Amino acid sequence: MADALLGPVDPTAPRTPAAPVRSTGPSAPDRWIVLFESYYGRNASCNPRAIDGEIARRCPDARRLWAVADEAVVVPVGAEAVVEGSPAWVRARDEARLLVINDWIRDRWRPRRGQFVLQTWHGTPLKRIALGRGRIDVRAAAAVVRQSTRWSAMLAQSPTAARVLRRAYAVRGPMWTTGYPRNDILVHGSADGIRAALGVEGRRVVLYAPTWRSQDLASAHLLDSAAVAEALGPEWVVLVRGHARTMVERPPTEAAGVIDVTRYPDVSDLMAVADVLVTDYSSVMFDFSATGRPMVFFVPDLADYERRERGFYWSLADRAPGPLVTTTQDCVAAILADDAERWADRYASWQRQFNPLDDGRAAARVVDRLVAAGALPAPATTE
Numbered sequence: 001m002a003d004a005l006l007g008p009v010d011p012t013a014p015r016t017p018a019a020p021v022r023s024t025g026p027s028a029p030d031r032w033i034v035l036f037e038s039y040y041g042r043n044a045s046c047n048p049r050a051i052d053g054e055i056a057r058r059c060p061d062a063r064r065l066w067a068v069a070d071e072a073v074v075v076p077v078g079a080e081a082v083v084e085g086s087p088a089w090v091r092a093r094d095e096a097r098l099l100v101i102n103d104w105i106r107d108r109w110r111p112r113r114g115q116f117v118l119q120t121w122h123g124t125p126l127k128r129i130a131l132g133r134g135r136i137d138v139r140a141a142a143a144v145v146r147q148s149t150r151w152s153a154m155l156a157q158s159p160t161a162a163r164v165l166r167r168a169y170a171v172r173g174p175m176w177t178t179g180y181p182r183n184d185i186l187v188h189g190s191a192d193g194i195r196a197a198l199g200v201e202g203r204r205v206v207l208y209a210p211t212w213r214s215q216d217l218a219s220a221h222l223l224d225s226a227a228v229a230e231a232l233g234p235e236w237v238v239l240v241r242g243h244a245r246t247m248v249e250r251p252p253t254e255a256a257g258v259i260d261v262t263r264y265p266d267v268s269d270l271m272a273v274a275d276v277l278v279t280d281y282s283s284v285m286f287d288f289s290a291t292g293r294p295m296v297f298f299v300p301d302l303a304d305y306e307r308r309e310r311g312f313y314w315s316l317a318d319r320a321p322g323p324l325v326t327t328t329q330d331c332v333a334a335i336l337a338d339d340a341e342r343w344a345d346r347y348a349s350w351q352r353q354f355n356p357l358d359d360g361r362a363a364a365r366v367v368d369r370l371v372a373a374g375a376l377p378a379p380a381t382t383e
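In terms of full-length UniProt numbering, the sequence shown has 136 at position 136, counting the first letter as 1, and numbering is strictly consecutive.
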């Protein structure tokens with residue numbers, strides 16, 4: 001997502017340069033190979049995962065490879081894992097006809113003639129990113145521009161997001177405004193299997209998914225999730241989704257009625273089972289709103305966060321389709337409140353701006369475009 005629930009939040013931050021990766025494969029990409037990468041190989045999730053599923057259904061002869069950080073990463077059924085840095089990974093990256101990624105391309109690799117790189121990105125940003133930030137040095141700005149020139153096309157969740165992303169990354173190529181494939185599950189998917197896997201059948205679910213804070217890596221503890229669970233009672237369960245930057249630094253959240261799902265591979269699954277979302281400045285707000293379910297914004301540090309971090313593209317106070325609260329007690333009250341009618345107009349306005357294409361068919365539209373662009377073989381049928 002824009003602040004990357006898994007993966008680096010700030011792609012303009014300095015990184016150690018990598019040596020060029022030299023090809024060991026043939027000179028021409030293989031039109032039947034698709035290479036996916038999500039959050040630098042940490043998992044198989046987000047938009048690439050949803051697109052993988054659609055390609056598997058419609059182009060079963062395509063060979064689907066996933067770049068993974070290590071062999072522990074689980075990839076979709078029928079796909080193959082290639083560990084980053086291995087000879088198989090080097091060959092896959094050079095031989096793939098299509099590469100589907102949701103973050104920056106690392107090292108100095110550039111696509112060959114005939115390869116198509118689809119940058120899906122990972123969310124509509126609330127926080128200013130890349131060239132949209134107020135303070136960015138010349139070297140970082142140049143890195144942003146170099147990066148976007150490697151992309152054949154970029155996805156956007158909405159026309160609003162498309163305008164922001166095009167400016168933020170100086171995108172000169174096609175911007176495909178299709179809706180987000182990862183949100184298809186929120187509209188038409190079944191959550192029963194996910195509920196069973198999490199052990200939350202028969203209970204109402206609150207998903208607490210805060211963003212990161214540079215001054216406080218333990219940001220998942222800003223809300224007292226244990227107190228929330230106790231106040232809500234046994235009919236409820238609180239899923240706590242800490243940010244990737246808190247994953248190592250903080251211990252898992254442990255309390256009755258609370259499940260720490262920080263390491264769960266795909267936040268889209270968690271949103272699918274949630275009855276209520278509690279967040280702050282995370283881009284999950286733009287995804288969860290596709291469901292039409294209640295959202296509560298726990299923002300005790302709103303003014304300080306906006307000033308200290310990087311600023312917002314939109315005023316949360318003016319546009320949020322749910323209450324902004326600053327205490328745990330008020331958060332519990334907002335979760336229990338039956339006030340959908342109070343927020344109906346704002347919610348509808350928000351969905352018109354940010355979710356006009358989140359209709360459950362985004363992955364299909366993306367694959368249609370990839371076929372039209374020659375990045376995938378035309379399937380025998382789209383049924």
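Every residue, glycine too, gets a C-beta built ideally from N, C-alpha and C.
Quick caveat, the model's predicted, so the values are computed rather than measured.
Under the three-state reduction of DSSP, which class applies to Ala337: helix, strand or coil? Counted from its first residue, the sequence shown places residue 337 at position 337. Correct three-state label for Ala337: coil.
Would DSSP call Leu186 helix, strand or coil? Reading the sequence shown from its first residue, position 186 is the one you call residue 186. DSSP places Leu186 in helix when its eight states are reduced to three.
Beta carbon of Cys331 nearer than 8 Å to that of Leu223: Translated into positions along the sequence shown, residue 331 becomes position 331. Translated into positions along the sequence shown, residue 223 becomes position 223. Their beta carbons are under 8 Å apart, which means Cys331 touches Leu223 by this criterion.
Report, in whole angstroms, the separation of the C-beta atoms of Arg182 and Ala378, which I expect to be a contact under 8 Å. By 1-based counting over the sequence shown, the position of residue 182 is 182. By 1-based counting over the sequence shown, the position of residue 378 is 378. Contact doesn't hold; Cβ gap of about 25 Å is too wide.
Suppose contacts are defined by Cβ-Cβ distances below 8 Å. Is Arg241 in contact with Tyr305 by that definition? Counting from 1 along the sequence shown, the entry for residue 241 is found at position 241. Counting from 1 along the sequence shown, the entry for residue 305 is found at position 305. Not a contact, by the Cβ cut-off of 8 Å.
Residue of Arg342, Leu336 and Asp301 minimising C-alpha distance to Thr326: By 1-based counting over the sequence shown, the position of residue 326 is 326. Out of Arg342, Leu336 and Asp301, Asp301 has the C-alpha closest to the C-alpha of Thr326.
Output needed for Gly53: all residues of its chain with C-beta closer than 8 Å, excluding positions within five of it in sequence on either side, in chain order. Numbered from 1 along the sequence shown, position 53 holds the residue referred to as residue 53. Excluding sequence neighbours, Gly53 sits near Pro76 and Ala363.
Taking 8 Å as the threshold (C-beta atoms), are Arg108 and Leu35 in contact? Translated into the one-based positions of the sequence shown, residue 35 becomes position 35. Translated into the one-based positions of the sequence shown, residue 108 becomes position 108. No, these two residues do not count as a Cβ contact at 8 Å.
Quick check: the Cα distance between Phe298 and Asp280, rounded to an integer number of angstroms? Against the sequence shown, residue 298 aligns to sequence position 298. Against the sequence shown, residue 280 aligns to sequence position 280. Taking the straight line from one Cα to the other gives about 5 Å.
Any chance you could list the alpha helix (DSSP H) runs of at least 4 consecutive residues sitting entirely within the stretch 54 to 87, in chain order? none
For Leu118 and Arg112, what's the separation of their Cα atoms in angstroms? The residue you call residue 118 lines up with position 118 of the sequence shown. The residue you call residue 112 lines up with position 112 of the sequence shown. Roughly 14 Å separates the two Cα atoms.
How would you label Gly179, buried or exposed, when you count the other beta carbons within 10 angstroms and need 16 or more for buried? In the sequence shown, counting from the first residue as 1, residue 179 sits at position 179. Per the 10 Å Cβ criterion, buried.
Selected residue, minimal CA-CA separation from Met271, among Phe288, Arg263 and Ser282: Taking the first residue of the sequence shown as 1, we reach residue 271 at position 271. Answer by Cα proximity: Phe288.
Under 8 Å between C-beta atoms of Val261 and Val278: Residue mapping note: residue 261 aligns to position 261 of the sequence shown, counting from 1. Residue mapping note: residue 278 aligns to position 278 of the sequence shown, counting from 1. No, these two residues do not count as a Cβ contact at 8 Å.
From Met154, Gly85, Ala62 and Trp89, residue whose alpha carbon lies closest to that of Gly78: Numbered from 1 along the sequence shown, position 78 holds the residue referred to as residue 78. Ranking the options by Cα distance to Gly78, first place goes to Ala62.
Comparing alpha-carbon positions, which option in Ala170, Leu316, Ala161 and Gly199 lies nearest Thr124? Taking the first residue of the sequence shown as 1, we reach residue 124 at position 124. Checked all of Ala170, Leu316, Ala161 and Gly199; the closest Cα to Thr124 is Ala161.
Length-filtered (3 minimum) beta strand (DSSP E) runs lying within the stretch 242 to 323: 258 to 260, 276 to 279 and 295 to 298
Flag this pair as touching only if the stretch 350 to 363 and the stretch 181 to 196 have three or more C-beta atom pairs under 8 Å; answer yes or no. yes
Between which two residues does the beta strand (DSSP E) carrying Val367 extend? Within the sequence shown, residue 367 is the residue found at index 367, counting from 1. No beta strand (DSSP E) holds Val367; the alpha helix (DSSP H) holding it covers Ala362 to Ala372.
Arg204 - partner residues in DSSP beta bridges: Position 204 of the sequence shown, counting from 1, holds the residue named residue 204. Bridge partners of Arg204: Trp236.
What's the C-alpha gap between Leu239 and Gly114? As a first step, residue 239 is located in the sequence shown; it is residue number 239 there, counting from the start. As a first step, residue 114 is located in the sequence shown; it is residue number 114 there, counting from the start. Looking at the two C-alpha atoms, the distance is approximately 44 Å.
Where Ile33 sits in the DSSP three-state scheme: In the sequence shown, counting from the first residue as 1, residue 33 sits at position 33. Note: Ile33 maps to strand in three-state DSSP.
Would Arg58 be called buried (16 or more neighbouring beta carbons within 10 Å of its own) or exposed? Start at 1 with the first residue of the sequence shown, and residue 58 comes out as number 58. Arg58 is buried by the Cβ-count criterion.
Quick check: the Cα distance between Gly322 and Phe286, rounded to an integer number of angstroms? Within the sequence shown, the letter at position 322 stands for residue 322. Within the sequence shown, the letter at position 286 stands for residue 286. Roughly 12 Å separates the two Cα atoms.
In the DSSP assignment, what residue or residues form a beta bridge with Asn43? For this step, residue 43 is matched to residue 43 along the sequence shown. The partner list for Asn43 (beta bridge, DSSP) reads Ser38.
If you draw a straight line from the C-alpha of Asp275 to the C-alpha of Ile101, how long is it? Taking the sequence shown and counting its residues from 1, the one referred to as residue 275 is at position 275. Taking the sequence shown and counting its residues from 1, the one referred to as residue 101 is at position 101. When rounded, the distance between both Cα atoms is 30 Å.
Let's test the definition: count the other Cβ atoms within 10 Å of the Cβ of Leu155 and tell me whether it reaches 16, buried, or not, exposed. Here residue 155 is taken as the residue at index 155 of the sequence shown, counted from 1. Leu155 should be labelled buried.
Integer-rounded CB distance, given that Met175 should sit under 8 Å from Arg167: Stepping through the sequence shown from its first residue, residue 167 is reached at position 167. Stepping through the sequence shown from its first residue, residue 175 is reached at position 175. At roughly 11 Å, the Cβ-Cβ gap does not stay under 8 Å, so Arg167 and Met175 are not in contact.
Ala317 and Arg97: beta carbons closer than 8 Å? Position 317 of the sequence shown, counted from the first residue, corresponds to residue 317. Position 97 of the sequence shown, counted from the first residue, corresponds to residue 97. It is not a contact, given that the beta carbons lie outside the stated cut-off.
In the DSSP output, what is Trp212 paired with across the bridge? Working through the sequence shown from its first residue, we reach residue 212 at position 212. Paired residues: none, contrary to the question.
What are the start and end residues of the alpha helix (DSSP H) that includes Ile101? Stepping through the sequence shown from its first residue, residue 101 is reached at position 101. Unbroken run through Ile101 is the beta strand (DSSP E), Ala96 to Ile101; no alpha helix (DSSP H).
Grab me the residues of Pro265's own chain with a C-beta within less than 6 Å of its C-beta, minus the 5 sequence neighbours each way, in chain order. By 1-based counting over the sequence shown, the position of residue 265 is 265. Hits under 6 Å: Asn43 and Ser45.
Out of curiosity, what's the CA-to-CA distance linking Asp368 and Pro60? If you number the sequence shown from 1, residue 368 lands on position 368. If you number the sequence shown from 1, residue 60 lands on position 60. When rounded, the distance between both Cα atoms is 15 Å.
Strand pairing of Ala141, partner residues [DSSP]: Taking the sequence shown and counting its residues from 1, the one referred to as residue 141 is at position 141. Beta-bridge pairing links Ala141 to no other residue.
Looking at the structure shown, is Trp89 part of a helix, part of a strand, or coil, going by DSSP? One-based indexing of the sequence shown puts residue 89 at position 89. If DSSP states are grouped into helix, strand and coil, Trp89 belongs with the helices.
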